[in-house]
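Notes follow the structure.
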Amino acid sequence: MSRLPPVTSATAAPPEFTHAAHKGNVTLRPDHIATLREHNPTVPVRHMDFGFETAPLTRYFYDNNAVATAFFLAFSAVIPQGERFFIHSVRQYRDQLNDPELEARVTGFIGQEAMHGKEHDAANAAYEKMGYPIGRIDRSVREALKLLAKTLPKPAQLAFTVALEHYTAIIAEDVMRREAVQQKFAPEIGALILWHMMEETEHKAVAFDVYDKCVGSYALRAGVMVPTTLALIAALANLQFYLLHHDGALRRPGQWRAHLRGFAEVYGPRGLFGRVLPQLLDYFKPGFHPNHHDTEELLARFREKFFGAQGELNAQLRKTVLPPVRSVA
Ligand SMILES: [Fe+2]
Ligand SMILES: [Fe+2]
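Start counting the sequence shown at 0; every next residue gets the next number (numbering that gives the first Met the number 0).
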């Protein structure tokens, strides 16, 4: 990412960058559409350093609950390799875009995902030191995704990324709208997860737009979502139980109520997945686009909260890089 010119300093508040409207089928309010046109539509790459090498970490960092924490830890464990796969699947189409604005957004997408991988790697290493077998998980995920990259056709790889980007976008939006959920994270890991969620929301349409332009098949997009959903839930649940088994939390007596509460937080009808079911189903509409879920106001709020004049994460921000839109001669 060092190729990109830095546009803001570590202390300056980044401007309000926004996404480009998509082919006129975005259901945004008129004032939002005006905002979208006014601003550079590229995706800013924020170089962060959360200092996980030295920061004290909370063992049960979500609601002091072993079961729910194991889910988020499983999520963090798969992120670095997952992000690399997303980058790979989108990068394969970069030369076919012929659209300077989308190319710049792809550069921003790659930069953001690379930063997520780097900071989750640092957090994972710290949890490994606490005794969790994250390195082992990372190696198995790397092998599994290497196999997918070798065997799946390129369009299916991209459809898989688009499906997972939809999950991250709808779960991120839901959590960003729920103060009560945010409060349950210990501050050091909450900052990482919410920064990540904010940037997932910023680039939620990038892989989709690349797919739309270079592949375009509705049947493949919708068809791939079904096995992706099954694989995602099965993989995360499997890793969650693996981490719980390793931690020994399920064998501790007298905690079954807390364990059930932890399972409901993730898999219950009002849990992490259950709450976003309507937004998940939107994906199956033939004309669906991620910007149909309007998150501009929410994003503006979080950019101000984290990186505004009094931003909570300005101390962790090293620099922000704005990928330029190449001018067409
Ligand atoms: Fe990410
Ligand atoms: Fe993403």
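Note that the Cβ used here is the ideal one computed from N, Cα and C, for glycine as well.
Since we're looking at a predicted model, the values are computed, not measured.
Assigned with DSSP and collapsed to three states, M175 falls in helix. DSSP links Y61 through a beta bridge to F184. Annotation for M114: the continuous alpha helix (DSSP H) segment containing it runs P99 to K128. Burial is judged here by how many other beta carbons sit within 10 angstroms of a residue's own beta carbon; K203 has at least 16 and is buried.
Within its own chain, the residues whose Cβ lies closer than 8 Å to the Cβ of P99, once the five positions on either side in sequence are excluded, are V324, R325, S326 and V327, listed in chain order. At a threshold of 7 Å, E201 does not count as near ligand 1, since its beta carbon sits no closer than that to any of the ligand's heavy atoms.
The three-state secondary structure of V214, taken from DSSP, is coil. Around the beta carbon of D137, 16 or more other beta carbons sit within 10 angstroms, so the residue counts as buried. DSSP places H46 in the strand class (E or B) of the three-state scheme.
In the structure shown, V140 falls within a helical segment according to DSSP collapsed to helix, strand and coil. For F85, the distance from the CB to the nearest heavy atom of ligand 2 is below 7 Å.
Close CB contacts of F207 within its chain, under the 6 Å cut and outside five residues either way in sequence, are with V161 and P289 (chain order). In its chain, beyond the 5 residues on either side, Y61 and D62 have a beta carbon closer than 7 Å to the beta carbon of K183. Straight through space, the alpha carbons of R104 and L321 are spaced by roughly 9 Å.
If you draw a straight line from the Cα of E296 to the Cα of G222, it is about 32 Å long.
The alpha-carbon of V225 is positioned some 16 Å away from that of P154.
Beyond the five residues adjoining it in sequence on each side, L231 comes within less than 8 Å, by CB distance, of L163 and Y166 in the same chain, given in chain order.
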